[in-house]
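Each remark here refers to the structure printed beneath this line.
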Amino acid sequence: MDLDAVRTFVAVADAGRFREAALTLEITQQAVSKRIAALERDLGARLFTRTARGALLTVDGQVFLPHARDLLRAEERAAASVRPGRRALRVDVIGRRLAPADLVRDFHHAHPDTALDVVTLFDADTAISAVRTGTIDASFRALTFPAHRLPDGIAAARVHDEALELLTGPGHALAAAHAVTPAQLAGHRIWMPGNVAGTEWAAFYDDLGAAFGFTIEVTGPDFGTEPLLDTIADSPHLATFVGVQTRMVWPAGHGLRRIPLRDPTPVYPHSLIWRADNPHPALAALRAHLGTVRRSADTWTPKWAR
1 MDLDAVRTFV AVADAGRFRE AALTLEITQQ AVSKRIAALE RDLGARLFTR
51 TARGALLTVD GQVFLPHARD LLRAEERAAA SVRPGRRALR VDVIGRRLAP
101 ADLVRDFHHA HPDTALDVVT LFDADTAISA VRTGTIDASF RALTFPAHRL
151 PDGIAAARVH DEALELLTGP GHALAAAHAV TPAQLAGHRI WMPGNVAGTE
201 WAAFYDDLGA AFGFTIEVTG PDFGTEPLLD TIADSPHLAT FVGVQTRMVW
251 PAGHGLRRIP LRDPTPVYPH SLIWRADNPH PALAALRAHL GTVRRSADTW
301 TPKWAR
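If you count by the working numbering, then the sequence shown holds residues 1 to 306, one letter each, in order.
The structure is reproduced here in structure tokens:
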């Protein structure tokens, strides 16, 4: 159905005259007449009766009018859903308990009127593809290759370094430590069943282990956060890593310990990825809110993140 003709029909119905509708729509009265005639042909029904008092709706016109208004409202909603500045900013945060989710929440607190659509995609390849095709506006990811190797038109900036902590149960040999150096972890079993080969986070932790002489264990199925915490709490041998901003809640009886890592502090390098030609105003506001990382000499990141 020709929505311009539907819009013209509603304008005539509201104005009561073809001439006033033409002025409202900024077209000629002849164009109004042609649009109404074409719409009547498409519908197989007469919509107006012309009288000395103007254009009066027929019974069919009265029946069609609320549906016509619905069509125009649907058109506006459809356009607003993809129009920059009207639709929500779509952001990938990897996981809703992780630091990027906190960064987006902070942005929302600073810009409460900005509509956000927060999603969680799987890995960097999936996220970059979604940014490139416009499925999402931005993604928080660790880039395991230089930014200049991103697809044409895709930009990235390192926006947040998240310090790591060691998570142990109360019976672990390091449970009483106030802080631990990465070198002290040599010989300890660091269990991270969620590390999937080929992902950016698996690359980060593999490089961390190689740099300080320990191995990341990924044996066993990944049943999620709660079973992981249950296992760590009961084990005197297993420990795992968590980001300092990772949100975790466990039963009081678990007695888990979150121990800072120092000298150096391993940090997970979060970058924001976006399309350089994306005009969404909230994207510019998000980038300005995040800024870029000031790197510290007492931290460690893999070579690919430096």
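Glycine residues also receive a C-beta, built at the ideal position from the N, C-alpha and C atoms.
Proximity below 8 angstroms, CB of residue i to CB of residue j
| i | j | result |
| --- | --- | --- |
| residue 243 | residue 205 | no |
| residue 235 | residue 169 | yes |
| residue 174 | residue 259 | yes |
| residue 8 | residue 282 | no |
| residue 189 | residue 238 | yes |
| residue 274 | residue 131 | yes |
| residue 98 | residue 128 | no |
| residue 153 | residue 277 | yes |
| residue 262 | residue 179 | yes |
| residue 192 | residue 240 | yes |
| residue 15 | residue 65 | no |
Cut-off 8 angstroms between Cβ atoms - residues of its own chain near residue i, not counting five sequence neighbours on either side
| i | result |
| --- | --- |
| residue 95 | 101, 120 |
| residue 71 | 1, 3, 6 |
| residue 289 | 106, 107, 110, 111 |
| residue 80 | 86, 87 |
Cβ-based neighbour list, residue i, same chain, cut-off 7 angstroms, excluding 5 preceding and 5 following
| i | result |
| --- | --- |
| residue 58 | 46, 47, 48, 49 |
| residue 11 | 21, 24, 25 |
| residue 75 | 3 |
| residue 218 | 192, 193, 195 |
| residue 186 | 212, 213, 214 |
Residue span of the beta strand (DSSP E) that contains residue i, given as start and end
| i | result |
| --- | --- |
| residue 273 | 265-275 |
| residue 54 | 54-57 |
| residue 165 | 154-168 |
| residue 140 | 138-141 |
Burial state of residue i (16 or more Cβ within 10 Å)
| i | result |
| --- | --- |
| residue 133 | exposed |
| residue 200 | buried |
| residue 223 | exposed |
| residue 336 | Since the first residue shown for the chain is 1 and the last is 306, residue 336 is missing from the structure and cannot be characterised. |
| residue 213 | exposed |
| residue 90 | buried |
| residue 63 | exposed |
| residue 51 | exposed |
| residue 139 | buried |
| residue 265 | buried |
| residue 319 | With the chain covering only 1 through 306, there is no way to say anything about residue 319. |
| residue 221 | exposed |
| residue 82 | exposed |
| residue 172 | buried |
Boundaries of the alpha helix (DSSP H) in which residue i is found, first to last residue
| i | result |
| --- | --- |
| residue 33 | 29-43 |
| residue 120 | Where residue 120 is concerned, there is no enclosing alpha helix (DSSP H), given that its DSSP letter is neither H nor E. |
| residue 230 | 225-234 |
| residue 207 | 200-212 |
| residue 89 | Where residue 89 is concerned, there is no enclosing alpha helix (DSSP H), although the beta strand (DSSP E) it sits in stretches over 89-92. |
| residue 222 | Note, residue 222: premise wrong, no alpha helix (DSSP H); not H, not E. |
| residue 196 | Neither: residue 196 is in no alpha helix (DSSP H) and is coded neither H nor E. |
| residue 129 | 124-133 |
| residue 144 | Note, residue 144: premise wrong, no alpha helix (DSSP H); not H, not E. |
Beta-bridge pairing of residue i - partner residues as DSSP gives them
| i | result |
| --- | --- |
| residue 261 | 180 |
| residue 216 | 190 |
| residue 241 | 166 |
| residue 51 | 54 |
| residue 304 | According to DSSP, residue 304 bridges with nothing at all. |
| residue 114 | DSSP output for residue 114 lists no bridge partner at all. |
| residue 299 | 265 |
Beta-carbon proximity list for residue i, same chain, < 6 angstroms, skipping 5 on both sides
| i | result |
| --- | --- |
| residue 304 | 144 |
| residue 29 | 18, 19, 22 |
| residue 136 | 90, 92, 130 |
| residue 293 | 158, 161 |
| residue 147 | 156 |
| residue 123 | 199 |
| residue 257 | 168, 175 |
Cutoff 8 angstroms: residue i Cβ touching any chain D Cβ
| i | result |
| --- | --- |
| residue 252 | No chain D is part of this structure, which consists of one protein chain only. |
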